[in-house]
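Residue numbers (my numbering): 303 to 938. Glycine residues also receive a C-beta, built at the ideal position from the N, C-alpha and C atoms. Worksheet: the structure to be examined is printed underneath.
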């Protein structure tokens with residue numbers, strides 16, 4: 303018989319393994335529960351953090367914040383060729399045939415063009431008859447009209463400080479071949495996975511390790527969903543936390559939206575390079591910016607070209623390196639064959655297709671970055687909360703043809719100045735500011751704020767303050783005529799002259815030296831004589847000249863000193879141009895404006911013309927007449 307003490311020891315020994323097993327089960331269960339709680343908490347945190355963001359940014363209608371040029375007007379008798387009209391229609395987004403989808407279109411006739419007009423609220427067919435290089439007749443429906451307007455050109459999306467051009471299109475508008483090309487290039491299993499493509503991640507990791515690639519050139523396994531999230535929601539900074547957030551957001555997006563919606567988001571947000579100073583966002587904008595085509599007109603080769611650019615837009619841009627773009631395009635065609643999207647025969651034919659792009663300098667004539675900056679500031683003054691508006695369109699005053707002419711004028715003028723300065727020591731590179739306006743309405747028709755927007759975004763037409771010099775003299779003579787004590791026939795002595803003003807001593811001289819004796823006010827202004835101008839300012843009062851300049855919109859910085867008469871106080875090109883509208887507008891100075899109207903959530907708001915009478919119509923006429931004399935026989 304076993305003693306009780308031994309039986310107790312034996313029983314305890316047999317229980318130890320069981321107790322250890324229970325203990326490990328408890329530990330494992332605890333760890334597992336802790337893991338579940340941690341994961342659950344992380345998922346809950348992510349849901350609370352990201353769900354409102356998804357609802358806010360993706361469930362809203364796509365933003366249509368955009369700026370347009372003024373419409374191109376066609377009148378009977380205008381000098382206009384068929385080629386010029388077709389080019390204008392193409393730039394304004396008209397299709398060369400009726401596609402039956404409600405888009406604007408035109409059709410070339412034997413004697414002109416027939417087009418579908420819809421932008422002015424009166425949709426219908428307009429026939430433009432041309433003959434001998436001019437417009438012979440215009441017919442809207444059954445009525446003969448004197449004038450029509452072509453829909454305005456797209457200028458830019460107004461998105462804060464960014465400079466972007468984008469065209470938002472729906473999924474059903476993307477050609478099937480373009481969708482397949484993007485899948486072949488970026489995510490062949492897009493329609494099968496749920497946001498993460500683990501086999502692709504593993505395959506990319508294996509290739510990176512096997513080939514011992516540097517980290518900068520590693521293959522990625524990111525899906526289209528992940529790429530969209532990275533570009534649209536997260537920062538580009540690489541970190542484990544961002545990767546985890548990216549994966550979780552991919553899961554959320556895939557659970558809330560269809561594959562078609564996700565592809566639409568992605569294809570409209572992907573960056574595809576630069577066109578001048580503007581970023582091209584989305585495949586539709588890239589098709590127009592690089593190829594001058596709408597999506598529906600793309601060939602298989604062109605679909606592969608655009609899809610291939612997504613990985614490195616600036617490296618594979620056909621503007622930057624056509625050979626690299628061609629190699630990348632052909633690689634995508636090969637991938638499309640491997641994915642059974644096209645046949646080898648189709649790929650072979652597409653690979654032989656030459657890359658035909660629009661001119662790489664086209665953007666110089668289709669963009670106006672300094673004007674867009676000016677317009678954005680004007681919009682902010684008019685409606686400070688416009689960035690919160692989902693559907694906001696601005697109809698600007700920019701005249702594309704005049705802007706093109708201004709660009710050419712600046713290019714020719716600066717080239718001439720560069721030649722004159724060539725070889726001179728310490729010669730600074732000259733810059734330029736230009737503003738062209740309609741003096742009746744105050745519409746800013748063209749604006750150039752510098753030689754190159756990429757080099758400098760400082761707008762010299764608006765922000766730079768420079769001495770106007772002789773350009774200020776007409777305001778001195780206008781002050782004299784407005785006072786009633788002078789006419790253009792009044793005589794003033796052009797002779798050596800000294801002024802003591804306060805503690806200052808002035809002795810003005812004429813440019814080039816010499817004096818002309820007695821001269822009329824007309825002759826003094828036409829020849830831009832300094833001495834008579836200062837004498838006139840002294841007689842009417844320097845302070846009177848300063849006050850008159852304030853009524854024309856010049857800053858209160860302009861004070862009544864003798865040097866004011868010769869334009870030594872600094873003003874902007876924009877302010878100087880605005881002041882000159884009084885001479886061309888019967889004495890009414892017009893506030894310059896960059897837009898004529900805007901639409902906010904479907905409601906149209908007009909921006910009225912603002913003007914005030916600054917001088918009498920008679921004085922405005924006389925100053926204009928004297929300035930004509932300057933052109934005809936004066937200093938020019």
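In this structure, the straight-line span from the alpha carbon of residue 598 to that of residue 413 is close to 29 Å. Rounded to whole angstroms, residue 698 and residue 458 show a C-alpha spacing of 11 Å. Going by beta carbons, residue 835 and residue 916 fall outside the 8 Å limit. For residue 584, the secondary structure class from DSSP, reduced to helix, strand or coil, is coil. The beta carbon of residue 449 sits closer than 8 Å to the beta carbons of 375, 376, 377, 378, 440 from its chain, once the five residues preceding and following it are set aside; these are given in chain order. Counting the other CB atoms within 10 Å of its CB gives residue 611 a total of 16 or more, which places it among the buried residues.
Annotation for residue 405: 397 place their beta carbon closer than 7 Å to its own, counting only its chain and skipping 5 residues before and after.
Sorting 415, 696, 743, 596 by C-alpha distance to the C-alpha of residue 480 places 596 at the top.
Excluding its 5 nearest sequence neighbours in each direction, residue 801 has C-beta neighbours in its own chain below 8 Å: 807, 808, 809, 810, 836, 840, 864, listed in chain order.
Setting aside the 5 residues that flank it on each side, residue 617 is surrounded in the same chain by 623, 626, each with a C-beta closer than 8 Å to its C-beta; the list follows chain order.
Closest by C-alpha distance to residue 410, out of 420, 402, 428, is 428. In this structure, residue 601 sits near residue 655, with a CB-CB distance shorter than 8 Å. Less than 8 Å divides the Cβ of residue 855 from the Cβ of residue 881. Under DSSP, no beta-bridge partner is assigned to residue 718. Each residue's CA atom was taken as its position, placing residue 453 and residue 402 some 19 Å apart.
Residue 764 places its beta carbon less than 8 Å from that of residue 676. Taken through DSSP and simplified to helix, strand or coil, residue 535 comes out as coil. Exclusion of the five residues before and after residue 908 leaves 899 as the residues of its chain whose Cβ lies within less than 6 Å of its Cβ.
In the structure shown, residue 820 falls within a strand segment according to DSSP collapsed to helix, strand and coil. In this structure, residue 775 and residue 830 form a Cβ contact; the two beta carbons are roughly 6 Å apart against a cut-off of 8 Å. A distance below 8 Å separates the beta carbons of residue 913 and residue 890.
Per DSSP, residue 474 is not a residue of any beta strand (DSSP E), being assigned neither H nor E. If you draw a straight line from the Cα of residue 685 to the Cα of residue 679, it is about 10 Å long. Annotated as proximal: residue 823 and residue 788, with beta-carbon spacing under 8 Å. Residue 765 sits in coil when the DSSP states are folded into three classes, being neither helix nor strand. Of 490, 573, 803, 657, the smallest CA-CA separation from residue 639 is found for 490. The Cβ-Cβ distance between residue 860 and residue 868 does not fall below 8 Å. Contact check for residue 846 against residue 817 fails: the beta carbons are separated by 8 Å or more.
Contact between the region 744-758 and the region 706-714 is present: three or more C-beta pairs spanning the two stretches fall below 8 Å.
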